[in-house]
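Q:
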Amino acid sequence: MQRVSSLCLCLVLALGITCADAKTFRYGYRIDPASLDPHALAETFTLSWLGQIYEPLVGRGKNLELVPALATKWEQPEPKIWRMHLRPNVKFHNGEPFTADDVIFSIGRIKAEGSDVAYTVTAVVEVRKIDDLTVDLVMNRPNPILPMQTTSTYMMSKAWAEANGATKPASVKNKVENFATNNANGTGAFKIASRQVGVKTTLIPHEAWWGPKEHNLTEVVFTPIQSDATRVAALLSGEVDMVYPIPQQDAARINATGKHTVLTGFELRTIFVNMDQKRDELLESNVKGKNPFKDKRVRQAIYQAIDIEAIKARIMGGTSHVAGTMVAPGINGYDPKLDTRMPFDPDASKKLLSEAGYPEGFEIGMDCPNDRYVNDEKICQAIVGMLARVGIKVNLLAQTRTKYFEKILSRNTTFSILGWQPLSYDAHSTLQDVINTPRDKIGTYNVGSFSNARIDQLTDLIENEIDPIKRQALISEALTIHKEEIGHIPLHQAGLAWGVRKGVSVVLRNDDSLELRWVKVED
Amino acid sequence: MGSFVVQRLSQTLFVVLAAALTCFVLMRYVGDPVNNMVGQAASLADREAMRRNLGLDDPVILQFLRFLRDIVTGDLGISYRFGVPVSKLLLDRLPATLELSICAMLVAACLGLPLGVWTALHRRSALSQVLLVLSLVGVALPTFIIGIVLILIFSVWLGWLPSFGRGAIVPLGPHWTTGLLTVSGLKALVLPSITLGLFQMTLIMRLVRAEMLEVLRTDYIRFARARGLPMRTINYDHALRNTLIPVITIVGLQFGNIFAFSIIVETVFQWPGLGLLVIQSIQFADVPLLASYLVLIALGFALINLTVDILYAAIDPRVRAGLTVSRAGS
Numbered sequence: 006m007q008r009v010s011s012l013c014l015c016l017v018l019a020l021g022i023t024c025a026d027a028k029t030f031r032y033g034y035r036i037d038p039a040s041l042d043p044h045a046l047a048e049t050f051t052l053s054w055l056g057q058i059y060e061p062l063v064g065r066g067k068n069l070e071l072v073p074a075l076a077t078k079w080e081q082p083e084p085k086i087w088r089m090h091l092r093p094n095v096k097f098h099n100g101e102p103f104t105a106d107d108v109i110f111s112i113g114r115i116k117a118e119g120s121d122v123a124y125t126v127t128a129v130v131e132v133r134k135i136d137d138l139t140v141d142l143v144m145n146r147p148n149p150i151l152p153m154q155t156t157s158t159y160m161m162s163k164a165w166a167e168a169n170g171a172t173k174p175a176s177v178k179n180k181v182e183n184f185a186t187n188n189a190n191g192t193g194a195f196k197i198a199s200r201q202v203g204v205k206t207t208l209i210p211h212e213a214w215w216g217p218k219e220h221n222l223t224e225v226v227f228t229p230i231q232s233d234a235t236r237v238a239a240l241l242s243g244e245v246d247m248v249y250p251i252p253q254q255d256a257a258r259i260n261a262t263g264k265h266t267v268l269t270g271f272e273l274r275t276i277f278v279n280m281d282q283k284r285d286e287l288l289e290s291n292v293k294g295k296n297p298f299k300d301k302r303v304r305q306a307i308y309q310a311i312d313i314e315a316i317k318a319r320i321m322g323g324t325s326h327v328a329g330t331m332v333a334p335g336i337n338g339y340d341p342k343l344d345t346r347m348p349f350d351p352d353a354s355k356k357l358l359s360e361a362g363y364p365e366g367f368e369i370g371m372d373c374p375n376d377r378y379v380n381d382e383k384i385c386q387a388i389v390g391m392l393a394r395v396g397i398k399v400n401l402l403a404q405t406r407t408k409y410f411e412k413i414l415s416r417n418t419t420f421s422i423l424g425w426q427p428l429s430y431d432a433h434s435t436l437q438d439v440i441n442t443p444r445d446k447i448g449t450y451n452v453g454s455f456s457n458a459r460i461d462q463l464t465d466l467i468e469n470e471i472d473p474i475k476r477q478a479l480i481s482e483a484l485t486i487h488k489e490e491i492g493h494i495p496l497h498q499a500g501l502a503w504g505v506r507k508g509v510s511v512v513l514r515n516d517d518s519l520e521l522r523w524v525k526v527e528d
Numbered sequence: 003m004g005s006f007v008v009q010r011l012s013q014t015l016f017v018v019l020a021a022a023l024t025c026f027v028l029m030r031y032v033g034d035p036v037n038n039m040v041g042q043a044a045s046l047a048d049r050e051a052m053r054r055n056l057g058l059d060d061p062v063i064l065q066f067l068r069f070l071r072d073i074v075t076g077d078l079g080i081s082y083r084f085g086v087p088v089s090k091l092l093l094d095r096l097p098a099t100l101e102l103s104i105c106a107m108l109v110a111a112c113l114g115l116p117l118g119v120w121t122a123l124h125r126r127s128a129l130s131q132v133l134l135v136l137s138l139v140g141v142a143l144p145t146f147i148i149g150i151v152l153i154l155i156f157s158v159w160l161g162w163l164p165s166f167g168r169g170a171i172v173p174l175g176p177h178w179t180t181g182l183l184t185v186s187g188l189k190a191l192v193l194p195s196i197t198l199g200l201f202q203m204t205l206i207m208r209l210v211r212a213e214m215l216e217v218l219r220t221d222y223i224r225f226a227r228a229r230g231l232p233m234r235t236i237n238y239d240h241a242l243r244n245t246l247i248p249v250i251t252i253v254g255l256q257f258g259n260i261f262a263f264s265i266i267v268e269t270v271f272q273w274p275g276l277g278l279l280v281i282q283s284i285q286f287a288d289v290p291l292l293a294s295y296l297v298l299i300a301l302g303f304a305l306i307n308l309t310v311d312i313l314y315a316a317i318d319p320r321v322r323a324g325l326t327v328s329r330a331g332s
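Protein chains in written order, with this note's numbering: chain A, 6 to 528; chain B, 3 to 332.
1) Is any beta-carbon of chain B found at less than 8 Å from that of A:ASP121?
2) Give, in chain order, every residue of the region 265 to 299 of chain B whose Cβ lies closer than 9 Å to some Cβ of chain A.
3) Pull up the distance between the alpha-carbon of A:GLU314 and that of A:ALA387, whole angstroms please.
4) Under three-state DSSP, which class holds A:VAL327?
5) So, using beta-carbon positions, are A:VAL389 and A:LEU402 closer together than 8 Å?
6) Let's see if you can read the secondary structure: which residues bound the alpha helix (DSSP H) around B:PHE16?
7) So, does the CB of B:ILE80 fall closer than 8 Å to a CB anywhere in chain D?
8) Kindly indicate which three-state DSSP category A:MET391 falls into: helix, strand or coil?
9) Suppose only complete runs of 3+ residues qualify. What are the beta strand (DSSP E) ranges in the region 42 to 118 of chain A, listed by chain order?
10) Beta carbons nearer than 9 Å to chain B: which residues of the region 192 to 209 of chain A have them?
11) Please list, in chain order, all residues of the same chain as A:ARG406 whose beta carbon is under 6 Å from its beta carbon, the five residues on each side excluded.
12) Counting only C-beta atoms, is B:ASP311 closer than 8 Å to chain A at any point?
13) Please work out which residues of its chain come closer than 7 Å, Cβ to Cβ, to A:GLY322, disregarding the five sequence neighbours upstream and downstream, and give them in chain order.
14) What number of angstroms, rounded off, separates the C-alpha of A:LYS408 from the C-alpha of B:ALA287?
15) Can you tell which of A:ASN187, A:LYS475, A:PHE420 and A:MET161 has the C-alpha that lies nearest to the C-alpha of A:ASN451?
16) If the criterion is Cβ atoms closer than 8 Å, does the pair A:VAL95 and A:THR223 meet it?
17) At a Cβ threshold of 8 Å, is B:SER157 touching chain A?
18) Among A:THR442, A:ALA458, A:PRO495 and A:ALA432, whose alpha-carbon lies nearest the alpha-carbon of A:ILE467?
19) Report yes if the C-beta distance between A:ARG92 and A:TRP214 is below 8 Å; otherwise report no.
20) Indicate the three-state DSSP secondary structure (helix, strand or coil) for A:THR207 in the structure shown.
21) Here's a check: name, in chain order, each residue in its chain whose Cβ is nearer than 6 Å to the Cβ of A:VAL379, leaving out the five neighbours to either side.
22) Under a three-way DSSP split, which group does B:VAL327 fall into?
23) Nearest to B:LEU198 by CA position, among B:LEU231, B:ALA110, B:ALA122 and B:ARG208, is which residue?
24) For A:LEU521 and A:ARG35, what's the separation of their Cα atoms in angstroms?
25) Which word fits B:PRO35, buried or exposed, when buried means at least 16 other C-beta atoms lie within 10 angstroms of its C-beta?
26) Indicate whether at least one CB of chain A lies closer than 8 Å to the CB of B:SER89.
27) Below 7 Å on C-beta distance, what does A:LYS408 contact in chain B?
28) Between which residues of its own chain and A:ALA76 is the CB-CB distance below 8 Å, once the five residues before and five after are set aside?
29) Give, in chain order, every residue of the region 143 to 171 of chain B whose Cβ lies closer than 8 Å to some Cβ of chain A.
30) What are the partner residues of A:TYR32, as DSSP defines its beta bridges?
31) Distance cutoff 8 Å, beta carbons only. Does B:ALA22 sit that close to anything in chain A?
32) Excluding the 5 residues flanking B:VAL27 on each side, which residues of the same chain have their C-beta closer than 7 Å to its C-beta?
33) Only counting the same chain, and skipping five residues up and downstream in sequence, which positions put a Cβ closer than 6 Å to that of B:THR14?
34) Tell me A:GLU219's beta-bridge partners as DSSP assigns them.
35) Compare the C-beta of A:ARG31 with all C-beta atoms of chain B and state if any pair is closer than 8 Å.
36) Tell me whether A:GLY270 counts as near the ligand FAD, meaning its Cβ is closer than 7 Å to at least one heavy atom of that ligand.
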């Protein structure tokens, strides 16, 4: 097949270019993108993969910095308006020009029922067309981070969506297949040549793409490979040029072949521990009539009983970044001064438990996923062992993520681990979704219902503060309070690992997104 | 004969209904699909609304009746995960699994049968003993380990065969695709077929051997020998033919098992068939897809058994006679 297809390609290319120019890049990831509809599911991998085909107004560069994409310039003429100057001469894959009307249509589609990415533009109440290449995003309140929040807010063609009955996002509620689920028409550097859901997708470069060509690819073949062992074998046998994620126990073996390299980095997702601080009596505990987690000394005792360095060395193979705060390096708002941990000290921990009135410790239940985060179940088992040493008996329930999220999101949980990566790459998301007092659409993932009025207030201020320096001070203040209160116990950011064949160069970005436009196949 | 078929048919229908209900009740325990269908930004209220919209809040029995109604009208629903009609997904994936299962069965039968005969005829040879020990390994080793070891040897070390996927496929008609017509498609079939067929092969080999030994001890074989017939005629014409009857029954019934075991093999080899689809759907709690798949599998098994029953009745008059007697008695 490989030979046949490159032969075909050669025949096609023989018209103009020589065959040596045909460069196919084959890569594999754990799963297939859930849909080709850029507004159907806000899932990190799906959005990152669709970013090769569709583009946002403001994009991200190699170090996650904001860079011009479909907008060449963005400014705030007044606090409640973001003015976007659109890039001229941009063409969709089907050849139609990209204009202000497509922006208005796309944002409308994103706000429509069935869209899962509406959160990126909640603040936007109106999109005003100034001219064909200028739009104003009008907001109900000042929002300094809109460009950051919308780097995965992709633009779709109005004419194409209307012609194909895809003016609303795909939604299973409608019980019909949406054209945009399996077809795509973006402005990105690559377009779909063929796709078999869950099996294989072939992409080819979009010849009319506006950007400078940094890649040298003529064809890209993407295959989801679910089993870790098979994924690594596919790389080692040379059937693919790159796979990710690489299980850390295989990294050394892959490097040792001399034909492959493992690139590493840290995830932007922080893994942390939740403790139910709301109920007056815990659900799964032998302590009756009171909730030990309401006592800060107990929370601190648990914190100091966890030997995070041991978890890093023994479970994460030394690849993780130990976390002292809830926000990862690389996220806007990260404060290195806060990224230090209280020392591991089981004796101090026992003393704190005695002071709090639990000299003999107590018993609690713990929830843990076993297929969501890197080594999630092993981390939980280690914590169970570490807490046992200070007298806290933990009954672990590790289960598949579907069951796990069902349980913790219904708040039927006492003690659990969870991970959070802000989709906006901004600390505000961590504060709003994980740390704020749960109410309405806020604090959805604050499953332990930690609550601090000052942090809630600061979060609102952070949302509207335009001055970056003042904003950082507010974020640091909120995270400092959270750290002192031990609202959650941060653990680490797991290591990222990509396996690449020698002769292929890719850019590892810390959001685990492979950008095809920076891939080069040398031989 | 007609009433026999009607009776069996109604039993089959009952079995399929019972299987469907069991699957549907079990589906309560795969978890909440809604959390997989929305991103992390969806609020609890949004999730609740979606659950209500999908009818996941309704009593199980109501959901089951709705599901039955849809199935009877031929509508298997939309997959939660792919947003594509379930019937299309299942049809698209069926060829891959069917081809793999048939190839695996061929591997099992074409190797198991001669090996079984050979070990029966050369009971005392050292090679027979080695083969028997090896067949024990085949029975004992889990499928996924065999698969991974084969990948390591033939893909990673030797580089002869692909480690994943189906190779190049050729469309035949609107839904059918085949990998049997391309070199890479055939190469891709080798390792998964061996992995999937190995257990069945050892089973067939041991079964043939035991049956053969049994038959070789019978009187008519002894008389044939006494009459001075050539050994080849005795072994292959008389003994083997009588051995084959139970073996064919087992092979037929094991085909269902191969179909089911393909879940593991398809995961190891990233084989884009029904098994891989189902394992991913379980992780996602894709209820419409899982329910349809399980009902179809139950239907398939029931139909195989029905066919076997009817064939038995047609071949063996005693089965029919027994039926008449039992009815007379009641």
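Cβ atoms here follow ideal geometry from the backbone N, Cα and C, with glycine treated the same way.
A: Judging by the given coordinates:
1) yes
2) THR269, VAL270, PHE271, GLN272, PRO274, LEU278, LEU279, ILE281, GLN282, ILE284, GLN285, PHE286, ALA287 and PRO290
3) Here the alpha carbon of A:GLU314 sits roughly 12 Å from the alpha carbon of A:ALA387.
4) Assignment of A:VAL327 by DSSP, reduced to helix, strand and coil, places it in the strand class.
5) no
6) 4 to 28
7) In the displayed structure, chain D is absent; the protein chains listed are A and B.
8) helix
9) 63 to 65, 71 to 73, 76 to 83 and 86 to 91
10) GLN201, VAL202, GLY203, VAL204 and LYS205
11) PRO374, ASP376 and ARG377
12) No, no contact with chain A.
13) GLN253 and GLN254.
14) 9 Å
15) Selected option, being the one with the closest Cα: A:PHE420.
16) No, the pair does not count as a contact, with Cβ atoms beyond the cut-off.
17) yes
18) A:ALA432
19) For A:ARG92 and A:TRP214, no; Cβs fall outside 8 Å.
20) A:THR207: strand per DSSP, three-state reduction.
21) ALA499
22) With a pLDDT of 48 at B:VAL327, under the threshold of 50, the modelled position of this residue cannot be trusted, and the question is left open.
23) It is B:ALA110 whose Cα lies nearest to the Cα of B:LEU198.
24) 17 Å
25) That one is buried.
26) no
27) GLY33
28) LEU62, VAL63, MET89, HIS90, LEU91 and ARG92
29) Going along the region 143 to 171 of chain B in chain order, one finds ILE150, ILE153, LEU154, SER157, VAL158, GLY161, PRO164, SER165, PHE166, GLY167, ARG168, GLY169 and ALA170 with a Cβ nearer than 8 Å to chain A.
30) Beta-bridge pairing links A:TYR32 to A:PHE227 and A:MET247.
31) no
32) VAL62
33) ALA304 and LEU308
34) DSSP, once it has assigned bridges, lists no residue as partnering A:GLU219.
35) no
36) You won't find the ligand FAD in this model; it holds no ligand whatsoever.
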